[in-house]
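Worksheet for the structure shown next.
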Amino acid sequence: MAEQDWMSEVRAMVGREYGRVCAWDEVNAPMIRQWCEMMGVDNPLYTDAAYAASTEYGAIVSPPAMLQAWCLEGLHPNNYPPGSTTENPYEVLRLLESHGFKSVVAVNSDLSFERYVKVGERLYYTTRLDAVGEEKTTALGTGFFVTLIMSFFSEKPTGDEKVGELLFRVFKFRPANVQAAEAPKVEMVQKIKRPKPGVSDDTRFFWDGVAAGKLLIQRCKSCGTLRHPPGPVCVKCHSFEWDTVEASGAGSIHSFVVMHYPEVPPFDHPNPVGLIELDEGVRLVAGLVGAKRNEIAIGQRVQVEFQSFDDGELTLPLFRPVAP
Amino acid sequence: MTHQTLSGRAAIVGLGATEFSKNSGRTELRLAMEATLAALKDAGIDPSEVEGFSSYTMDKVPEYEIARLLGCNNVKFFSQIPHGGGAACAPVMHAAMAVATGVAKVVVVFRAMNERSWYRFGTGTYGFGSTPIFENVNYGWYMPHGLHTPAAWVGMFAQRYMHTYGATSEDFGRVAVAVRDFAATNPAAFFYGKPITLADHQASRWIAEPLHLLDCCQESDGAVAMVITSAERARDLRQKPVIIKAGAQGISGGQQSMTSFYREDITGLPEMGVVAKELYAQSGLGPDAFQTAVIYDHFTPFVLPQLEEFGFAKRGEAKDFIRAGHHARGGKLPINTHGGQLGEAYIHGMNGVAEAVRQVRGTAANQVADVENVLVTAGTGVPTSGLILGTA
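Protein chains in written order, with the working numbering: chain A, 5 to 328; chain B, 1309 to 1700.
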């Protein structure tokens, strides 16, 4: 892949807004008191109700620096309250990781405030990917400064009110040397996904069909020849006109391999893969599922089924042995 | 224009190579320069005389950098051949065509790679992307299912071949045992002094059924280079001329790169059939003309249909040829006498061309008697190529 291809994918993400992350609890005195104890903050405005009542605020308020704490997930990672977005505001970091910029260091965490937040208010925040800088080389290594802006709101019946903002900037980089790789870093766990197919105008119908649970075969409109893999033109009559027919999904194993090594995630090994001859007369390559070892054999009858991977990002036709 | 033929017009007059290893410890460019300078010295030709280059598209060393480091001022021909090991013989063919037509008088062909220490072809983690260029779309039929290594693609053909003709894993093993026997007595081979038995082959772990580990060639660092000039000039140079009697490339019906699974019959290698027919037509030779051959052996199963495409055995009968030991030391057509890519090194087949040069010169570690003609083939399963080299 040329670098500009994936960088343009990164650039296209800039400006993207990610949905709200809610708070487990409304702003409350016990959490404020515990936070102040841990942080060594002894301002009575935050903990002494009688004192707070005598001030211009009239009641206990939350320390401004505690803003981020209200919407954290808690002890368990990614355990956000109901109503929170399932989008990942850090997806751009994952993309950079997949291109070798595996290390990360936080460089800015700048809070700004509109006003104090009072006990009883319920907060949420939204995130915007603000910027991805040009490639820079620092003492740590070569990479990109990525800036995210989280805007915090208080829920109000009359319209939610912005109470503060957090500018969070990281440097996502390829370490200059091994020592640098051991610099402070945030662990980003990336689930390895199945490789996705390249899809072109000549082949999109197939993948759209699979996503809809249909196994479609390209058919020449001029001479009726079926063909797979698909192409723009008929190899028999050179007509560019084509449509599709839905295959029965029944076929037999024309050949096969059983993959053992290297064990490449996310695939299970051994991984049997068949060259399937469909009853309509064309062949395609597909994984075999639910097959006992003695059923992985040339001539074995099989039937298509569709399986979804990676939270629906990819659907594949797979084949299961059936009785003749 | 009068009828012209390629046969006999050009010769390989210089041969150079580095050592073969798992970690060369130096750049590919340096490997290429070491092999190229050795080949020119072997030929007795000054670097300034080089007028052309040919290599593989997969070679990361650009010919212009070699030209710059050699001090060439008059380079008039350069080409690169695609499809990995399928290129192996084609740079020599292109060089011969350039020499035969007078486009370039002296051409260097080379292949330099740190394939083992810098990158590996068999990791199954190719970076195919989502842009709709053909290669991404094409490999999109295989990668999502995890059919993602050269061994796996070859295995799909091998399984069907075994089913159709009754060849067995032991037959593939007999190929490996014979070439490792040659490697064991070739000091330049990585597996020098390390022969294997058929039992070793059968006991080696699965890579992609039906392929065992010992059906798969090793991965290597190293470089090979050759110098090609006219047959006429070759007569006056210091080495015994190795005449290029034929050279051809091949693509046939239903051709894909490693995945020609959609042909009516997937037990043959019709693109190698195209090469065979053309090599025989150019040279006027046939299967009986060879004392030895270098048959591309990245994976053992494809050795069998190659023997069939060239007429050494009838369709489906290569297993019998191999069971009789005709391919082994002392057989009627010993193949891969350097130890092949299974035993000597995997330099994308260029080291096989080098072995053919040595056999014609009479300088091979496992020299076959009275060599007049040697067949060399290139990578299989892909668009491919072949050569016939021989004595004047």
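Glycine is no exception: its CB is placed at the ideal position from the N, C-alpha and C atoms.
Between the segment 1373-1380 of chain B and the segment 1631-1639 of chain B, the count of C-beta pairs closer than 8 Å stays below three; the two stretches do not touch. Per DSSP, reduced to three states, the secondary structure at H232 of chain A is coil, with no helix or strand assignment. DSSP, read as helix, strand or coil, puts A1516 of chain B in strand. Note: G278 of chain A is bridge-paired with A:F260 and A:A290 in the DSSP secondary-structure output. Not a single CB atom of chain B sits nearer than 8 Å to the CB of Y61 of chain A. Shortest Cα-Cα distance from L279 of chain A to any of B:R1424, B:W1449 and B:I1320 involves B:W1449. At the C-beta level, P1440 of chain B and V123 of chain A stay beyond 8 Å of one another. Taking a cut-off of 8 Å for Cβ pairs, the segment 1481-1492 of chain B and the segment 1650-1661 of chain B touch, as three or more such pairs fall below it. Counting along the chain, G1651 of chain B sits inside the alpha helix (DSSP H) bounded by residues G1648 to G1651. Looking at the DSSP output, W246 of chain A bridges to A:C224. Counting only the Cα atoms, V174 of chain A lies some 41 Å from G213 of chain A. In summary, the residues of the segment 1514-1531 of chain B whose CB is separated from some CB of chain A by less than 9 Å are W1514, I1515, A1516, E1517, P1518, L1519 and L1521, in the order they occur in the chain. Distance from A1396 of chain B to I1536 of chain B at the Cβ level is roughly 15 Å; contact not present, criterion being Cβ atoms closer than 8 Å. For A290 of chain A, the chain B residues whose Cβ falls inside 7 Å of its Cβ are H1453, in order along the chain. For a Cβ distance threshold of 8 Å, residue set V261, M263 and V277 of chain A lies close to A1460 of chain B, ordered along the chain.
Against V96 of chain A, chain B offers no close residue; the least beta-carbon distance is about 17 Å (beta-carbon pairs closer than 9 Å). Considering only A:G255, A:S259, A:D206 and A:E159, the residue with the shortest C-alpha distance to L127 of chain A is A:E159. Sixteen is the threshold: when 16 or more other Cβ atoms of the shown chains lie within 10 Å of the Cβ of Y1588 of chain B, as they do, the residue is buried. Residues of chain B whose Cβ lies closer than 7 Å to the Cβ of T248 of chain A do not exist; the shortest such Cβ separation is about 16 Å.
For K166 of chain A, DSSP records a beta bridge to A:F157.
In this structure, DSSP gives G23 of chain A an extended state, which the three-state scheme calls strand. F244 of chain A has a beta carbon lying at 8 Å or more from every beta carbon in chain B. Assignment of Q1675 of chain B by DSSP, reduced to helix, strand and coil, places it in the coil class. Checking the DSSP bridge columns, you'll see L318 of chain A partnered with A:F313. Looking only at B:I1353, B:T1313 and B:A1664, the smallest Cα-Cα distance to R1541 of chain B is reached by B:I1353. Taking each of A:E245, A:S312 and A:V136 in turn and checking the Cα distance to A215 of chain A, the smallest one comes out for A:S312. Taking 8 Å as the cut-off, the beta carbon of F1385 of chain B is found no closer than this to the beta carbon of E1423 of chain B.
When 9 Å is used as the limit between beta carbons, Q1649 of chain B is near no residue of chain A, the shortest such separation being about 19 Å. Burial of H1453 of chain B is indicated by the presence of at least 16 other C-beta atoms within 10 angstroms of its C-beta. Against chain B, the CB of P85 of chain A has no partner CB under 8 Å away; the residue lies outside that interface. In the DSSP secondary-structure assignment, R37 of chain A is not bridged to any residue. Straight-line measurement puts the Cα of E1586 of chain B at about 35 Å from the Cα of R223 of chain A. A Cβ of chain B is located within less than 8 Å of the beta carbon of I302 of chain A. Of the candidates A:I221, A:L133, A:G23 and A:M70, the residue whose Cα lies closest to the Cα of Y84 of chain A is A:G23. Residue A:E299 holds the alpha-carbon nearest to the alpha-carbon of S259 of chain A among A:E299, A:W28 and A:D315.
Listed along chain A, the residues sitting closer than 8 Å to W1449 of chain B by beta-carbon distance are P201, P233, L288 and V289.
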